[in-house]
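Worksheet for the structure shown next.
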Amino acid sequence: MIKVFKNAEELSSSISGFKSKVKTIGFVPTMGALHDGHLKLVKKAKKENDITIVSIFVNPTQFNDKKDLDKYPRNLEDDLLKLMPTHVNYVYAPEVSDIYPNGMEESAAIDLGGLDEIMEGAFRPGHFKGVAQVVKRLLDIVQPDHLYMGQKDFQQFTIIAHIIRKLSIDTNLVVCPIVREKNGLAMSSRNVRLSPETRAAAGMIYKTLKYVKKQVLTKPVEVVKSQALRKLKTGPFDPEYLEIVDAHTLQSVVDFSQHEYVVACTVVRAEGVRLLDNIILKKA
Ligand code: AMP
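So in my numbering, the last one in the sequence shown is 365, and the numbering has no gaps at all.
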């Protein structure tokens with residue numbers, strides 16, 4: 082049986098009750114509308130920990146676009162059904178007032194070291210401040226030994242890793258590979274908003290990322306980027322950005338050979354939906 086908590090205090094006191102008895106607590110924060118990408122994280126957490134906690138919370142402070150927030154799919158009952166086979170122990174599904182009892186204004190913003198100003202940060206001002214705010218609050222409540230996040234949100238987990246280091250939070254971040262639909266489209270809760278035709282055609286994003294991975298071995302980064310952007314601009318698809326960045330600093334790479342860990346990140350818009358994806362080009 083999954084135990085569902087709506088209240089941070091109740092969850093915290095339940096956790097302190099078993100903290101001395103269990104070796105590790107795994108935690109998977111999500112915004113719900115769960116798909117196989119989320120479930121992979123939950124299964125891994127469940128396998129690697131004595132207790133696993135999943136949070137389901139659509140965090141308003143990370144949405145710079147109110148329409149996107151309003152349209153975000155929410156269905157707790159469905160999510161609980163999907164979680165059932167994972168045998169996850171606890172779900173924390175709070176209301177906004179439980180996460181932000183003193184209002185949504187941040188008391189002390191966390192320094193994100195400029196990692197929040199590029200790519201997603203440039204297109205979604207304030208987004209990562211909201212992400213940092215909610216993840217910090219959730220980590221304070223749950224105090225997990227292991228935190229599970231997806232590679233799908235590359236910039237997000239890089240920023241969370243930065244916060245964990247900076248604030249010396251005693252949690253180990255585990256990053257899991259991107260789970261994709263059959264055609265290669267990265268799974269996302271927002272994919273349901275695409276028409277079937279566009280969803281089928283969106284496999285070309287991953288194809289283009291794989292093309293980038295091959296081309297960057299022999300061509301200058303700038304040339305590969307503009308070729309890829311041309312490929313991504315087709316039919317209903319409109320790329321917002323495609324950046325080839327150092328995976329540690331998220332700064333643009335000019336000379337591919339000079340970096341040991343490089344990732345290509347992109348967002349392509351289609352039918353009002355932002356499709357986020359990335360591919361690791363090199364990891365020493
Ligand atoms: P979200 O509910 O979109 O906030 O995502 C919750 C967690 O699931 C984040 O750590 C995401 O990176 C991860 N995630 C979302 N989609 C995928 C995917 N297709 N593959 C792997 N992880 C994912």
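Backbone N, C-alpha and C define an ideal beta-carbon position, used for all residues, glycine too.
N- and C-terminal bounds of the beta strand (DSSP E) containing residue i
i      : result
Phe235 : It is not in any beta strand (DSSP E) - Phe235 instead sits in the alpha helix (DSSP H) that spans Phe235 to Lys247.
His208 : Element bounds for His208: not the beta strand (DSSP E) but the alpha helix (DSSP H), His208 to Val223.
Gly231 : His227 to Gly231
Ile134 : Ile132 to Ile137
Lys312 : No beta strand (DSSP E) contains Lys312, which is instead part of the alpha helix (DSSP H) from Val302 to Leu313.
Glu321 : Asp319 to Asp327
Val85  : Lys84 to Phe86
Alpha helix (DSSP H) segment containing residue i, residue limits
i      : result
His340 : No alpha helix (DSSP H) contains His340, which DSSP labels as neither H nor E.
Asp358 : First-last for Asp358: Val354 to Lys364, but that is the beta strand (DSSP E), not the alpha helix (DSSP H).
Val256 : That residue, Val256, is in no alpha helix (DSSP H); its beta strand (DSSP E) goes Asn253 to Cys257.
Ile96  : Ala89 to Lys100
Glu201 : Glu201 to Phe204
Backbone secondary structure at residue i - three-state DSSP
i      : result
Thr167 : helix
His119 : helix
Tyr153 : coil
Gly107 : strand
Ala283 : coil
Ala174 : coil
Val348 : strand
Ser276 : coil
Ser333 : strand
Ala126 : helix
8 Å Cβ shell around residue i - same chain, five flanking residues per side excluded
i      : result
Pro175 : Phe86, Lys87, Asn88, Ala89, Ser136 and Phe138
Arg155 : Gly113, Ala114 and Val139
Gly202 : Leu196, His208, Phe209 and Gln236
Burial state of residue i (16 or more Cβ within 10 Å)
i      : result
Val123 : buried
Phe99  : exposed
Met82  : exposed
Asp358 : buried
Pro110 : buried
Asp234 : buried
Lys121 : buried
Asp146 : exposed
Val103 : exposed
Ala328 : buried
Thr142 : buried
Arg311 : exposed
Gly107 : buried
Thr347 : buried
Ala126 : buried
Arg246 : exposed
Gly231 : buried
Val304 : exposed
Leu331 : buried
Straight-line Cα distance separating residue j from residue i
i      : j      : result
Leu248 : Glu186 : 20 Å
Asp131 : Pro225 : 11 Å
Leu92  : Pro166 : 22 Å
Glu352 : Arg274 : 8 Å
Gln308 : Val169 : 44 Å
Val255 : Leu150 : 27 Å
Lys295 : Tyr322 : 19 Å
Ser366 : Lys306 : The structure shown does not extend to residue 366, since the chain is modelled only from 82 through 365, so no value can be given for it.
Asp159 : Arg271 : 16 Å
Val344 : Val334 : 9 Å
Ala365 : Pro206 : 32 Å
Leu228 : Thr252 : 7 Å
Ser101 : Leu220 : 18 Å
Residues of its chain near residue i, where Cβ-Cβ distance is below 6 Å and the 5 sequence neighbours each way are ignored
i      : result
Val216 : Ile241
Val260 : Asp117, Gly118, Lys121 and Met268
Phe144 : Leu150
Near the ligand GTP: residue i beta-carbon under 7 Å from a heavy atom
i      : result
Cys257 : The model on display carries the ligand AMP but not the ligand GTP.
Other residues of its chain near residue i: CB distance less than 7 Å, five sequence neighbours each side excluded
i      : result
Gly194 : His243
Lys288 : Gly265
Tyr173 : Phe86, Leu92, Ile134 and Ser136
Phe337 : Val297, Val302 and Val343
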